[in-house]
Structure formats: C-alpha cells, structure tokens
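Below: the structure, in structure tokens.
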Amino acid sequence: MLDLDQLRTFVAIAECGSFTRAAQTVNKTQSAVSMQMRRLEERIGRPIFARDGRMSRLTENGERLLHYARRLVQLNDETIAAFDETEVAGLVRLGTPDDYADRFLPEILARFSRSNPKAEVSVVCAPTPNLFELVANDELDVAIVTHVWKKGRKEAQVIRREPLLWVASARHAVENEEVLPLALGRANCDWRKAALAALDDVGRENRLLYSSWNSTAVGAAVLAGLAVSVLPESALRPGMRVLCEAEGFPKLPDCDIGILRSWRQNTRVTEALVEHILSSLDNLSVPLAAE
C-alpha cells in the first residue's frame with residue numbers, strides 16, 4: 001500500500017522543483033522529506049528522481065507516478081470533504097493573470113460565492129511568473145497560471161490545453177505588411193517567446209510595436225488594426241481573425257492553463273475553490289472569431 005503522506009510530499013517536490021522548497025511547503029525537515037522519498041522509491045521498486053544540479057528532475061517512472069499520485073491525493077481530500085458536514089468557510093487567496101480575471105473569473109467566483117456564502121476569496125491579478133513566486137512564498141493559496149506547453153514541464157497541474165493562435169483584426173490587413181507589427185506580452189511572457197521564435201524560424205521580419213502585461217490593451221491594439229498578436233483559442237474576441245499557416249504564419253505550441261497551489265494551506269475552502277474552478281473550466285466555451 002502506498003503512503004498518502006509520502007505521495008503528497010512527492011507531488012510537492014514535483015511542483016516546487018527541489019527537495020528544499022518542497023520541505024518548506026509540506027512543513028517537514030529536508031532530511032524527513034529525503035527519507036520519505038527513499039521509502040517511496042523502495043516501495044515502487046524503481047528510481048523516481050534524477051539530480052540535475054540543485055534541482056530534482058523526475059525520471060520517466062517518476063512522471064508516471066506523478067499522474068497517479070495527484071489523483072490519489074485529490075481523491076483523498078475530496079472524500080474527506082464529502083463527509084465533512086461543516087460549512088465551507090474562511091479565506092482563500094487566489095491569483096490569476098488579468099486576462100482570466102477579465103474573461104471568465106467573475107462568473108466563476110459569483111457561482112462559488114452563491115454556493116458557499118461563508119467563504120471569502122481574495123483575488124490578486126499578476127503575470128504568471130509573479131504568481132509562481134507568490135505561491136512559492138506562501139502569499140497565495142491557489143493560482144490559475146498559463147504557459148506554453150513544454151514536454152516534461154510539471155510545475156502546475158494542467159487542467160486545460162488549447163491552441164495558441166495568430167490573430168489580427170478582421171477589418172484590417174496589417175498582417176500583409178512587409179515588416180510584421182506585433183503586439184505581445186513583456187519579455188518573460190511565454191506567448192511572446194513562442195511567437196518570436198516561430199517567426200525567426202521562418203525568417204519573417206517583424207517589429208515589436210506594443211508590449212504590455214495587460215491583455216486588454218494588447219487585444220485593443222489588434223482590434224484597431226495596429227498589430228498582430230498571439231492568443232489562446234478561448235481568448236478570441238469578436239472582430240478578430242485567426243491567421244493560418246497558408247498565410248505564412250507558422251504553427252505555435254499549445255497553451256496550458258494550470259492550477260498551482262500552496263501545499264501549506266490545504267484547507268477545505270481551498271479544495272472547494274479548486275474543484276469549482278476545475279469544473280468551470282471544463283465547461284468553458286470558446287468565442288467565435290471572424291472567418
């Protein structure tokens with residue numbers, strides 16, 4: 001039988017990237033964490049970690065185990081919550097990029113508030129890189145994060161994957177300019193990196209006309225016909241047109257939406273909010289762009 005506490009620690013290591021940070025997250029000493037993982041490896045009968053400098057990388061067996069470990073830990077927490085007759089109450093600190101806060105978070109939180117009137121959700125809007133830091137520093141309990149999909153990347157629990165698309169105004173032809181004008185996120189934005197790398201691969205000359213963390217501002221630049229940008233499918237707005245490979249725009253990697261949580265604050269209200277977000281994003285509809 002697998003030890004649930006060991007699995008919870010294992011998941012924390014996978015998401016934090018190191019034994020040291022995971023030890024802080026699960027409130028254990030580093031030696032206790034190391035002992036737990038040695039016992040877990042003995043129980044599995046295969047190595048689950050490979051050292052990569054100061055970081056801990058999962059082996060192929062570790063990646064397989066992570067899939068099951070997350071399910072077991074989540075099922076355990078859900079089972080306890082199902083038989084807990086106390087009301088969901090208390091404060092949960094949620095972080096999100098501004099585009100999610102603008103697009104679908106208000107309705108998600110409104111439904112959660114109606115179902116759990118004694119729960120209080122404090123929302124912080126920040127770019128994804130900042131949200132990772134805030135969760136790691138225990139300044140947030142849960143964060144919705146987004147990044148370009150990369151094989152082996154396991155910092156957050158991926159809950160939705162959708163295509164990243166080139167978009168332009170449906171009423172203008174800015175995409176035909178010889179030097180392509182772009183409206184993108186700031187320098188450490190994954191979408192920006194993916195767009196610039198793809199254009200570089202095909203030798204498409206471009207210039208960065210507009211750079212902002214504010215997705216509404218970037219979208220406004222696109223709709224005004226000032227620039228081309230990249231957006232996940234669910235972020236398309238009326239008046240935008242998707243640019244395809246036949247028009248010279250290279251295929252982009254998929255975009256992940258993930259849940260990142262602080263394992264130090266694994267309260268019932270936190271679990272209730274996470275479950276509500278998961279079910280809401282499963283039913284998320286995609287707006288139609290112009291043909």
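Residue numbering for the sequence shown follows UniProt numbering, beginning at 1 and increasing consecutively.
Virtual Cβ for every residue (Gly too), placed ideally from N, Cα, C.
Among the options, nearest to residue i - alpha-carbon criterion
i    : options                : result
P127 : S280, R192, L223, T59  : R192
A119 : L281, L273, E15, A50   : L273
L199 : N188, H67, V230        : V230
L91  : L7, R71, V121          : V121
L209 : L182, A195, A194       : L182
C125 : K28, E139, A220, N27   : E139
E162 : A235, I144, L75        : A235
C244 : N206, A168, E205       : A168
A89  : L278, R268, I277       : R268
S56  : L278, R207, M37, R46   : M37
D254 : R237, E233, P238       : E233
R64  : I44, V179, G203, R51   : I44
R186 : S31, M1, A217, Q24     : A217
T59  : R70, P47, A69, G219    : P47
R21  : I144, N137, V145       : N137
G17  : I144, R51, L252        : R51
P117 : A143, N206, A221, E87  : E87
P246 : A220, W213, I277, W166 : It should be noted that the sequence gives Ala, not Pro, for residue 246. Selected option, being the one with the closest Cα: W166.
S262 : Q30, R114, E41, A156   : A156
K28  : D102, H276, D5         : D5
R160 : A32, L226, L196, L278  : L278
M1   : L40, A32, S31, Q30     : L40
D102 : V242, L196, G219       : G219
D190 : L75, D201, W213        : W213
H276 : Y68, L75, S113         : S113
Whether residue i touches residue j by CB criterion (8 Å)
i    : j    : result
S280 : D99  : no
G258 : V158 : yes
H147 : D3   : no
F49  : S34  : no
D141 : T9   : no
M240 : A194 : no
L7   : V73  : yes
V135 : L94  : no
A23  : L66  : no
L132 : L260 : One point to set straight first is that residue 132 is Phe, not Leu, in the sequence displayed. Result yes, Cβ atoms of F132 and L260 sit closer than 8 Å.
E178 : V228 : no
N188 : P250 : no
V26  : R70  : no
S211 : L180 : no
G248 : R207 : no
T96  : A173 : no
L252 : R237 : no
Check: residue i C-beta below 7 Å from any heavy atom of the ligand SAM
i   : result
L91 : Of the ligands one can find in the structure shown there are none, so the ligand SAM has no counterpart to examine.
Paired residues, beta bridge with residue i - DSSP
i    : result
D256 : H147, R161
V142 : L94, R261
S122 : R93
L243 : W166
CB contact below 8 Å: residue i versus chain B
i    : result
T270 : Checking the listed chains, one finds no chain B in this structure; it contains a single protein chain.
Checklist entry - At what residue ranges does the stretch 156-240 contain a whole run of the beta strand (DSSP E), taking only runs of 3 or more? => result 157-169, 180-184, 206-211, 229-232
Next on the checklist: Just to confirm the assignment: which complete beta strand (DSSP E) runs, minimum length 3, are found wholly within the UniProt domain "HTH lysR-type" (2-59)?
Outcome noted: 49-52, 55-58
Checklist entry - Any chance the stretch 67-83 sits against the stretch 107-115, with 3 or more Cβ pairs inside 8 Å? => result no
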